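Below is one structure, written out as structure tokens; comments come after it.
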Amino acid sequence: MNIKKSDFSEWYNTITKDAQLCDLRYGIKGFVVFMPWAVMSMNRMYAMYEQAVESRGHVPALFPALIPEEYFTREGEHVKGFIPEVFWVTHAGDTKLEERYAMRPTSETAMYTMYALWIHGVKDLPLKIYQRCQVWRHETKATKPFIRSREFHWIEAHDCFATREQAMAQVREDMEMAEEVIHGHFCVPFLFFKRPQWDKFAGAEDTYAADTLMPDGRALQLPSTHMLGQNFSKAFGIKYTDDKGKEEYVWQTCYGPAISRIYAAVIATHGDDKGLVLPVRLAPLQVVIVPIIKEETREKVMQRCKEVANAIGCCFFVKIDDSDNTPGFKYNQWEMKGVPLRIEIGMRDVEADSVVVVRRDTGEKIKVKTSEVDAKLGEIAGSIDKTLRARADKWFSDKLSFAEDMDELGKKLELHGFVRVPFCTDGMEAEKCADIVKDKVQANIRGSLFGSDAKPEGKKCISCGNKATIYLYAAKQY
RNA sequence: GGGGAGAUGAGCUAACCUGGUAUGCUGUCAGCUUUGGGAGCUGGUUGUCUGAGUUCAAAUCUCAGUCUCCCCA
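Per my numbering, the first sequence starts with residue 97, numbered consecutively.
As structure tokens, this is what we get:
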């Protein structure tokens with residue numbers, strides 16, 4: 097196993113292969129096979145995220161994967177942003193299609209075509225629909241399993257409202273949902289940035305995106321939520337008749353948590369030099385029982401293993417590893433896989449009427465009375481998630497820094513992830529200032545920190561030297 | 001999009017410069033012996049990325065393609 101801290105890239109490649117999370121040998125660039133151990137965790141993540149989405153009033157639907165070119169090109173900015181990375185379907189059998197179909201890189205244009213047919217009056221609003229699906233983008237940046245591939249799996253929620261205020265409230269709800277699920281359940285810390293105008297979602301008025309940090313200090317974008325305004329509703333004719341009998345265009349938002357990428361953040365945030373470390377509810381198995389067998393005591397030990405397995409509550413998946421491997425091999429293998437809890441049972445333990453419980457997160461070995469196993473496991477499990485979250489938060493909190501000139505920014509970027517700098521503006525006209533930052537210190541401007549209203553007083557823009565009106569954050573990125 | 005490195009059984013690798021029967025480890029399968037931190041012995045098992053060229057002869061040299069990794073945009 098490689099060392100996570102000093103060579104994250106190698107560590108990540110090794111862990112995705114050794115823990116059997118994916119197989120890169122499929123043979124189409126950027127398309128990877130997601131393997132059972134990863135998919136079982138991602139299914140759990142999906143379940144938690146869908147629960148959060150539905151409890152906030154969204155209902156599920158499934159839209160087609162193919163989008164006729166004509167739908168796809170209705171909103172000008174959207175097309176400009178996505179066209180370079182679209183995979184096209186051009187043939188049916190040997191017959192060339194009259195109109196080609198886009199393999200959806202995102203579903204706005206598929207869904208909004210139908211929304212225009214479904215929405216008539218006030219009673220149809222708000223409309224909050226999500227789907228769980230995969231999308232395809234011919235990424236030109238380097239692909240990396242789970243982090244960036246040309247096919248990825250996500251949830252996309254697309255909502256319509258009667259007013260701008262309601263739409264803006266939805267954007268805030270989306271952020272709050274990310275906090276509940278990604279930080280609360282997955283124990284991954286992040287910050288929400290309002291992206292600068294030159295870096296917003298193609299077709300949106302504003303984009304708010306959650307950025308986390310990889311162990312090498314580079315930012316990784318997790319969910320983003322977009323205030324679409326009326327850009328799409330005007331392009332697609334999504335109108336309703338208001339209470340005065342007047343036709344109005346709806347206000348829209350969309351939200352896209354990419355489960356495969358969030359899974360990458362879970363791996364990177366919690367993993368260590370022995371392999372994966374998973375929050376308890378994300379692990380495909382919560383408990384593995386390793387019997388330590390001598391031929392003459394085999395039956396007694398196995399019997400005790402079964403009793404202990406049966407005594408553990410149904411919210412935990414338990415496996416007794418009775419394979420022929422040696423205990424040491426099993427310890428290493430299940431540590432690599434990130435199983436949160438291990439129970440070791442040998443004749444010694446049977447005689448003492450106890451078991452040895454080992455925590456994956458701390459490696460701590462705890463002797464537990466057989467009769468108290470279930471209660472104790474529940475307690476330790478809670479503590480594991482708390483420990484993981486606290487550990488991640490502590491690391492993350494040190495990654496925020498400040499700089500006021502380019503030299504200082506370059507130095508701070510070496511030690512921290514996000515560096516706050518004074519900037520002239522976050523409007524389109526400042527893109528050239530962001531380019532200067534990119535050129536000089538190879539960092540991107542991620543935007544302004546959402547919820548922070550600090551304003552630079554008497555400071556100058558780090559790039560152009562004009563009066564600074566806003567604090568923006570720079571980071572190297574994936 | 002730019003630059004660099006690379007591709008030999010399922011995984012890692014030797015042989016490549018200097019063309020001539022493809023090496024070892026791991027895995028896997030069978031059997032026996034084993035089991036408190038990656039067990040041992042015996043036997044079986046699969047391979048030169050694809051295509052073209054040079055040559056008596058290509059894993060090795062040349063060209064093209066595909067894929068992977070790293071760095072930069």
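All C-beta atoms, glycine included, are put in the ideal place defined by N, C-alpha and C.
Since the model is a prediction, treat every value here as computed from it, not as a measurement.
Bridge partner(s) assigned by DSSP for residue 440: 386 and 452
Between which two residues does the beta strand (DSSP E) containing residue 544 stretch? 540–545 is the span of the beta strand (DSSP E), which, as asked, contains residue 544.
Rounded C-alpha distance that separates residue 441 from residue 394: 11 Å
Let me check one thing: in DSSP terms, what residues is residue 107 bridge-paired to? Answer is none; residue 107 lacks a bridge partner.
Reducing DSSP to helix, strand and coil, say where residue 368 ends up. strand
Going by DSSP, name the residue or residues bridged to residue 164. 197
Member of 466, 248, 166 and 286 whose CA lies at the smallest distance from the CA of residue 206: 166
Considering only C-alpha positions, which residue in the set 511, 230, 547 and 502 is nearest to residue 494? 511
Would you tell me roughly how many angstroms separate the C-alpha atoms of residue 509 and residue 159, rounded to the nearest one? 42 Å
Is the CB-CB distance between residue 163 and residue 256 below 8 Å? no
Report the option in 220, 251 and 221 whose CA atom is closest to the CA atom of residue 229. Closest option to residue 229, judged by alpha-carbon separation, among 220, 251 and 221: 251.
Compute the beta-carbon to beta-carbon distance between residue 323 and residue 264, rounded to the nearest angstrom, for a pair I have assumed lies under 8 Å. 7 Å
Tell me, which residues are paired with residue 279 by DSSP? Under DSSP, residue 279 forms no beta bridge with any residue.
For the stretch 114–134 against the stretch 224–243, do three or more pairs of beta-carbon atoms, one drawn from each stretch, fall closer than 8 Å, so that the two count as touching? yes
Alpha-carbon to alpha-carbon, residue 547 and residue 556: 22 Å
Are residue 514 and residue 571 touching if we call contact CB-CB under 8 Å? Yes, the pair counts as a contact, with Cβ atoms nearer than the cut-off.
Could you have a look at residue 464 and say whether DSSP puts it in helix, strand or coil? When secondary structure is reduced to three states using DSSP, residue 464 falls in the strand class.
Sequence-distant residues of the same chain with beta carbon closer than 8 Å to residue 136, five excluded per side: 380
Do the stretch 431–440 and the stretch 371–385 touch if we need at least three Cβ pairs shorter than 8 Å? In short, these stretches touch, since the Cβ pair count reaches three.
Simplified DSSP state of residue 373, which is helix, strand or coil: coil
Contact between the stretch 555–569 and the stretch 517–532 is defined here as three or more beta-carbon pairs at a separation below 8 Å; is this criterion met? yes
Report yes or no: do the stretch 524–544 and the stretch 287–305 share at least 3 C-beta pairs separated by less than 8 Å? Enough Cβ pairs lie closer than 8 Å, so yes.
Indicate the three-state DSSP secondary structure (helix, strand or coil) for residue 529 in the structure shown. helix
Distance check for residue 404 and residue 471, CA to CA, integer angstroms please. 12 Å
Use the C-beta contact count for residue 213: other C-beta atoms within 10 angstroms, 16 or more gives buried, fewer gives exposed. exposed
Beta-bridge pairing of residue 255 - partner residues as DSSP gives them: 224 and 349
According to the neighbour-count rule (16 or more other Cβ atoms, all chains shown, within 10 Å of its Cβ), is residue 180 buried or exposed? exposed
Taking all protein chains shown into account, do 16 or more other C-beta atoms lie within 10 angstroms of the C-beta of residue 219, making it buried, or fewer, making it exposed? Only exposed fits residue 219, as fewer than 16 other CB atoms lie within 10 angstroms of its CB.
Quick check on DSSP: helix, strand or coil for residue 339? Note: residue 339 maps to coil in three-state DSSP.
Can you list the alpha helix (DSSP H) stretches of 4 or more residues lying completely in the stretch 104–157, in chain order? 104–114 and 132–151
Any chance the stretch 312–331 sits against the stretch 271–281, with 3 or more Cβ pairs inside 8 Å? yes
Taking C-beta to C-beta, are residue 362 and residue 284 nearer than 8 Å? In terms of Cβ geometry, residue 362 and residue 284 form a close pair [threshold 8 Å].
Going by C-alpha to C-alpha distance, which of 536, 215, 348 and 564 sits closest to residue 504? 536
Cut-off 7 Å between Cβ atoms - residues of its own chain near residue 208, not counting five sequence neighbours on either side: 328, 332 and 334
Counting along the chain, where does the alpha helix (DSSP H) carrying residue 178 start and finish? 172–178
Backbone CA spacing between residue 155 and residue 375 [nearest angstrom]: 28 Å
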